[in-house]
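Numbering (our numbering), first residue to last: 4 to 300. Think of the CB as a built atom: it goes at the ideal place given N, C-alpha and C, for glycine as much as any other residue. Heads up: the structure comes next, in structure tokens.
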Ligand code: AMP
């Protein structure tokens, strides 16, 4: 089993072609649903009493929700705007609401999860939660500018507590205060991460382990409408694939990265969660085959 912990949100997303208001989002939502195509996935998250029933129903179709806590107050809200190239996102508002003082606990049924993904979330909560699992084989975390700017030391401590970090290129530079991505990865490895995966948006990713560098291309697409959640979908697919194989070999990690690129590509083709919700397992396999043909030479 895989457990995913992180934000479950009501998002306002402003793209050049459409504005989505208070739609279901959050890093753990995208990651968990993406992972659910590979393995049974449990969610640990908090929402407020304002969280719509229909969103709850959507989550319940994909995820084990015994770890979802509903508390008095408002759900975490995120408001972000993309520029016309869809490659630059500006955060307009982050309202933590019930997430601010959340004291997460791991339900007994999840304690034996061997794979744990700490999606974007308060790094202090993430680092304390990981200690509650009984026998973690592979753990991975992500972070975002908001936490690097407000709790950098806690982000570094969180990195020490996991096996792998998945992070986007701009955030890796901001966090490590380096300009070169190899230097960024080395610094995160010196803090304790065994694997570092740096996401480069449409350009794919770089995976680092010891002295291995594994570059992988993004799945090339002509029509992209909303990149929200692509990184989370990438990470969810990667760790979901590893959990489904119960493997942490280097070759599985490389394959996991490829599944990450492919699920990320489904996420950006439609608005909000729609890309992930509408995909079928057969679509994923078809795209993996296409991807293999694209990169073979
Ligand atoms: P991504 O596009 O992969 O970076 O992820 C976007 C998702 O992250 C959105 O659905 C947001 O709800 C969520 N998010 C944005 N800011 C934060 C934050 N500071 N902490 C946790 N989750 C966040």
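Could you name the residues that DSSP lists as bridge partners for residue i?
| i | result |
| --- | --- |
| residue 71 | 48 |
| residue 98 | 80 |
| residue 171 | 202 |
| residue 5 | 44 and 118 |
| residue 209 | 201 and 218 |
| residue 141 | 118 |
| residue 93 | 84 |
| residue 22 | 17 |
| residue 279 | None, per the DSSP bridge assignment. |
| residue 27 | 13 |
Assuming the contact rule is C-beta atoms closer than 8 Å, residue i and residue j should be a hit. Round their C-beta distance to whole Å, please.
| i | j | result |
| --- | --- | --- |
| residue 132 | residue 165 | Contact doesn't hold; Cβ gap of about 11 Å is too wide. |
| residue 169 | residue 143 | 6 Å |
| residue 171 | residue 9 | Going by Cβ atoms, the distance from residue 171 to residue 9 rounds to 15 Å, so no, they are not a contact pair. |
| residue 222 | residue 264 | 6 Å |
| residue 46 | residue 71 | 6 Å |
| residue 19 | residue 87 | 5 Å |
| residue 43 | residue 73 | Not quite, the Cβ-Cβ distance comes to about 22 Å (not below 8 Å), so this is no contact. |
| residue 209 | residue 218 | 5 Å |
| residue 261 | residue 294 | 6 Å |
| residue 31 | residue 11 | 6 Å |
| residue 5 | residue 116 | 6 Å |
| residue 178 | residue 158 | 6 Å |
| residue 60 | residue 78 | No, residue 60 and residue 78 are not in contact; Cβ-Cβ is about 15 Å, not under 8 Å. |
| residue 130 | residue 160 | 5 Å |
| residue 212 | residue 184 | In fact, because the Cβ distance is near 14 Å, the residues do not count as touching under 8 Å. |
| residue 114 | residue 136 | 6 Å |
| residue 163 | residue 195 | 4 Å |
| residue 344 | residue 27 | With the chain represented from 4 up to 300, any question about residue 344 goes unanswered, as that position is not in the structure. |
| residue 268 | residue 290 | 7 Å |
Could you pull the start and end residues of the alpha helix (DSSP H) that residue i belongs to?
| i | result |
| --- | --- |
| residue 32 | 30-38 |
| residue 126 | 126-133 |
| residue 149 | 148-153 |
| residue 260 | 253-272 |
| residue 62 | 56-65 |
| residue 296 | 284-298 |
| residue 190 | 184-193 |
| residue 233 | 233-248 |
Check for me: the beta strand (DSSP E) holding residue i runs from which residue to which?
| i | result |
| --- | --- |
| residue 10 | First-last for residue 10: undefined, no H or E at that position. |
Worksheet entry | Cβ contact check for the region 148-159 and the region 271-278: 3 or more pairs under 8 Å | No, the region 148-159 does not touch the region 271-278.
Worksheet item: Taking one C-beta from the region 98-106 and one from the region 37-44 each time, how about it: are there three or more such pairs within less than 8 Å?
Response: With the cut-off at 8 Å, the region 98-106 and the region 37-44 do not touch.
Item to complete: State whether the region 5-23 contacts the region 73-84, with contact taken as three or more CB pairs (one from each stretch) at a distance under 8 Å.
Response: Note that the region 5-23 touches the region 73-84; at least 3 beta-carbon pairs, one per stretch, sit closer than 8 Å.
Worksheet item: Can at least three beta-carbon pairs, one atom from the region 220-235 and one from the region 277-297, be found at a separation below 8 Å?
Response: Here the region 220-235 lies against the region 277-297, with 3 or more beta-carbon pairs under 8 Å apart.
Discussion item. Taking 8 Å as the cut-off, does the region 290-299 touch the region 235-244 (at least 3 CB pairs, one atom from each stretch)?
Written reply: Because the criterion of three Cβ pairs below 8 Å is not met, the region 235-244 and the region 290-299 do not touch.
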